[in-house]
Each structure stands twice: as structure tokens, then as C-alpha cells.
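Trainee:
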Amino acid sequence: MNQVATQADPESIPASIFRAYDIRGIAEQQLTTASVKRIGQAIGSEALDQNITSLLVGYDGRLSSPTLSIALIEGIQSSGCSVVSIGLVPTPLLYFATYTTDYTSGVMLTASHNPANYNGLKIVFNQTSLADNQIQTIRTRIENDQLRTGRGGFAELEVDRSYIDNICGRVQLSKPLKIVIDCGNAVPGKIAPTLFQELGCDVHPIFCEIDGSFPNHHPDPTVPENLAALASTVLEKNADIGVALDGDGDRVGLITNRGKFVDADRMLMLLVQTILPSYSGRAVVFDVKCSSKLGALVEQFGGSPVMHRSGHSFMKQKMRETNAILGGEYAAHIFIKDDWFGFDDGLYVAARLLKIISESSASSDEIFDQFFTGFCTPEIKIEVPEERKFSLMDRLLELANFPAAKLITLDGLRVEYADGWGLVRASNTSPALLLRFEADSQERMDEIQEKFRTLILSVDKNLEIGF
């Protein structure tokens, strides 16, 4: 393993990269080899203080990841903590390894679906994703130079085959399906075609060659425009369904046999309808961006709907607190606990959804078309400076005036009426305010949007609002 740069000055590591549920910034600017090495030493030091003596390390397919992973490994080892490298893998394989090997903790080098020039670190201690204050503890260690020194060991471990075998042992399709897979030239391309072939699918891969410049489209499967090639290929091949995976494989998007985009609300509704009848009374956790129709469906099938703040780490924490059987975000992080481990895994979720589709005589389009979510928008982004997004959100909360509505402020501001709702919140992963709207009619949705437009412009009349 080639050595990389020496340690960074703590003052050269910007506090802004330590975010709500991971560490994320621009590679070679905010995340240099020196700063990643220092962060690795801090993570290793924190692990040792929690009696964790070895950390799994994986990395995604970004152009900066191989070099930064060396820095991360060296940093962890310099604390005296040992490293077990699992190499180039989607994030769910690192999570999987914490449940199925002797190592329950690890660090994944990835920036998920962020632009190609970003990178980041997702941290897991004892099968739990670090978030909020736990992330800030890493930053504080660096600033206060509370770093252990030593020389940790190094080993390598291959988890790809055990992961594929485990899913294939749990999920059996009732009939073969013709599917198109779009990995967006990201790291899931290493696993997905093999996995779905071994599940018995007739697989037609597109953009499954790993290229961290993401030359064909951005690897975010929640944006319909990114799946245009997938939709056209599904129609061209007369496929049963199209599957898209995000930059590190923990999220999934779907295209029906008729080329229509399926959002996470409807994926979750299908899973609720399938899973909850066997788990009456159990909680289903969903985030503030999800449809109100989802909570109603959970109640219809005898479950307990629990709304929570957005973020994969927060969702997993809430699922543990409530002993939830299922969870999901509108951003398509979906967590299944009945026959999996409860972490967000786009590959496994896709396999489960394919199993449901294979058991039906209806087409994928007909299956998802049964779930009507009213008139709704996708997620709307208002770009704002990183350093202003939270203060802007605070001001919006101060000025919020929505008579006859229920205000939910657990993550931003969600305003609920009997016939619709609107949401504005600060993004935890990008410099933006994020909005979403849903109503029983287009006219009503327009009215709710206008109320939000008035509120936002009262805080900053120069913001460019895209609705």
C-alpha cells in the first residue's frame, strides 16, 4: 500500500464538512489526503475509546476514492486501531459485513449521489450509523488534538460473494423477469448484474461500467430525468421493469414496464401492503418528505405510522427505538427488517420488489398504479449558500403563519391541512432548501405552494423559487 501525505493542520479541515449524518466535502479541496488521514486517526481514536479495535474500510467508484481510501486506512492505523479492507464495494456491503463477520464497525468512503468532485465518509460503530453529535465528536477530537497514536494491523476481506449468496438464499422469484439495470457508472455496477442474474432474471445492464466521472448521467435514481435512458431501454427491450441504483448502492429507483417513474412513496406502499399483514401493530417509520397517503395505508394494514426527520442515520435510530419492521425516506433510502438487517440497501430492496412483482399476474405498471398519491411535486431545490441555509430555515420557522393548519417542525417546517401539505427544510447534504407539496387537487396544491412562496420571499426576496 503506497503511503500518502502527512497529517493536516486541524485548522485546514473545514467544520462544514462534518454534517448531520456523515462527513462530506469537495475532494482535493475540503477533503485532501492529509485531512482524510487526520480524520481517520480521529475515527480510530474514537473507536478505541469505545473498545472497538478493528474497523472495516470500503470505498466507492469515485475518481478520488482509491487515493483517499489509502489515506483513510493509514490514518486509522496511526491511532493504533486495526483495519480490515473490503475494497471497492457498494455501501450496503459494508453494512452487511458488520452483521455477518467478526467486525461490527467500519467506515465507507463515499459521497453517495453528490457530484463527481465530492467525497465523504459514512461511519458505523457497533452496527449503528453515527449522526449529529457523534459526527461532531470526530471534529472536536481533531480540533483538540485528542488523537491516539500507535500502529494498527491490516487485513483484507472479500464480502461480495457472501452478500450475493445471502440475498439469493432469502429471495426467490416465482417466475423469471426481464429487467434493465442502470448503475449510473457507479460502484453498484460491480455487484448488481451478477446478483440479479443469479436471482434468475434476464438482465440487460446499462451504464454498469464503473467510471467516477459519471459520463452518462448523475447517479441519483430519485430524479426522473436521470432515468431517461433506463425508461427508453425498458420499452425497447419490452422488459418487466427497470432498476436504477444510486452512487453507492443504498438507494433504488424503478421504471415500470410502460416506462413510468416510480417514486419511493409507492415503493414503500407496496412493501407496506406486502409485509405489514404478517406484523400487525408494528411501526413503520417514514420521513417528513413522504406522502400523507403512506401513513394512512400503514394504519389501514394495522401498523403504527411514525414520521421522523430525514437522514439515513436518524431513520435507523428511530427504527431501533420503535422496533419498526419497515422504514423509508422519499429520497429512497428504504430499510427492511422482516427478513433483512434493517439498513438501507438498494440492491436488497430491488430484489424484494422483484419478488413481489414476480408473484403477481399484473404488470409492474399495474401494480404501482394502484397507489395514488394525489397531486404532488417531486423534491424542489432552492440553492442557497451553505452557511445561510440553517439560519434561513430558523427565520422561516419564526415567521410561519398558517391558520387552521398543523405545523410539524421535527425537520424543517411541514404544514398539514386536511386536503394537502407542504414542506420546506434545509438539506443536510447540499447547499439548498428543499421543498415538497401534495394535495387532493392541483388547485389546492397551487394554493399551498403560494403560501410557501409568500413566506420564503418574506425572508429573502432575492431567492430564486422554482415553482
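Mapping to full-length UniProt numbering: the sequence shown position 388 is 388, numbers consecutive.
C-beta: ideal position from N, C-alpha, C; glycine also.
Given 8 Å as the limit, is there contact between the stretch 137-146 and the stretch 70-90, that is, 3 or more CB pairs closer than that?
Mentor: Not touching, per the Cβ criterion.
Trainee: Please say whether T256 and D365 have beta carbons closer to each other than 8 Å?
Mentor: A contact, by the Cβ cut-off of 8 Å.
Trainee: Out of M393, N226, T233 and D248, state which residue places its alpha-carbon closest to the alpha-carbon of K190.
Mentor: When each option's Cα is compared against that of K190, the closest is D248.
Trainee: Could you check the C-alpha separation between P224 and P176 for me, to the nearest Å?
Mentor: About 26 Å.
Trainee: If you count every other CB in all the chains shown that lies within 10 Å of the CB of T222, and 16 or more means buried, which is it?
Mentor: T222 should be labelled buried.
Trainee: For Q134 and Q30, what's the separation of their Cα atoms in angstroms?
Mentor: In a straight line, the C-alpha of Q134 is about 20 Å away from that of Q30.
Trainee: Any idea if N2 is buried or exposed, counting beta-carbon neighbours within 10 angstroms, 16 or more meaning buried?
Mentor: Legend: pLDDT at N2 = 48, less than 50; position of this residue unreliable, no value from coordinates given.
Trainee: Decide if D263 is buried, meaning its Cβ has at least 16 other Cβ atoms within 10 Å, or exposed.
Mentor: The residue in question, D263, is buried, as its Cβ has 16 or more Cβ neighbours within 10 Å.
Trainee: Are the stretch 423-435 and the stretch 374-384 touching by the rule of at least three beta carbon pairs closer than 8 Å?
Mentor: Contact holds: three or more Cβ-Cβ distances are below 8 Å.
Trainee: Spatial neighbours of L457 within its chain, please: C-beta separation below 8 Å, excluding the five flanking residues on both sides.
Mentor: So the list reads L463 and I465, once near-sequence residues are dropped.
Trainee: Which residues in the same chain have their Cβ closer than 6 Å to the Cβ of S174, if we skip the five residues on either side of it in sequence?
Mentor: Closer than 6 Å at Cβ, skipping near neighbours: S358 and E359.
Trainee: Using only alpha-carbon positions, find the residue among S65, G44 and G61 that is nearest to L55.
Mentor: When only C-alpha atoms are compared, the closest one is G44.
Trainee: Take V288 and list the residues in its own chain whose beta-carbon comes closer than 8 Å to its own, dropping the five residues that flank it on each side.
Mentor: Once the five neighbours on either side are set aside, the close Cβ partners of V288 are M307, H308, R309, S310, I408, L410, D411, G412, R414, L423 and R425.
Trainee: Starting from S313, trace the alpha helix (DSSP H) both ways and give me its first and last residue.
Mentor: Start and end: H312 to T322.
Trainee: How long is the line joining the alpha carbons of A42 and I123, rounded to whole angstroms?
Mentor: Going by the C-alpha atoms only, they are around 12 Å apart.
Trainee: Measure from the alpha carbon of E443 to the alpha carbon of each residue in A405, F375, K461 and L397, then state which is nearest.
Mentor: Among A405, F375, K461 and L397, the Cα nearest to that of E443 is on F375.
Trainee: State yes or no: is the C-beta of K178 within less than 8 Å of the C-beta of K260?
Mentor: Not a contact, by the Cβ cut-off of 8 Å.
Trainee: In the DSSP assignment, what residue or residues form a beta bridge with I380?
Mentor: Answer is L435, bridged to I380.
Trainee: How many angstroms separate the CA atom of E28 from the CA atom of L270?
Mentor: The alpha-carbon atoms of E28 and L270 are separated by roughly 42 Å.
Trainee: Considering only DSSP beta bridges, list what Y118 is partnered with.
Mentor: I26, per the DSSP bridge assignment.
Trainee: Return the CA-CA distance between V171 and Q50, expressed in angstroms with no decimal places.
Mentor: The straight-line gap from Cα to Cα measures roughly 36 Å.
Trainee: Between which two residues does the beta strand (DSSP E) holding D182 run?
Mentor: D182 -> beta strand (DSSP E) spans K178 to D182.
Trainee: Please look up how many angstroms separate the CB atoms of I13 and G58, rounded, as I've assumed it's under 8 Å.
Mentor: Actually they are not in contact, since the Cβ atoms of I13 and G58 sit about 22 Å apart, beyond 8 Å.
Trainee: What number of angstroms, rounded off, separates the C-alpha of R352 from the C-alpha of D160?
Mentor: If you take the alpha carbons of R352 and D160, they lie about 19 Å apart.
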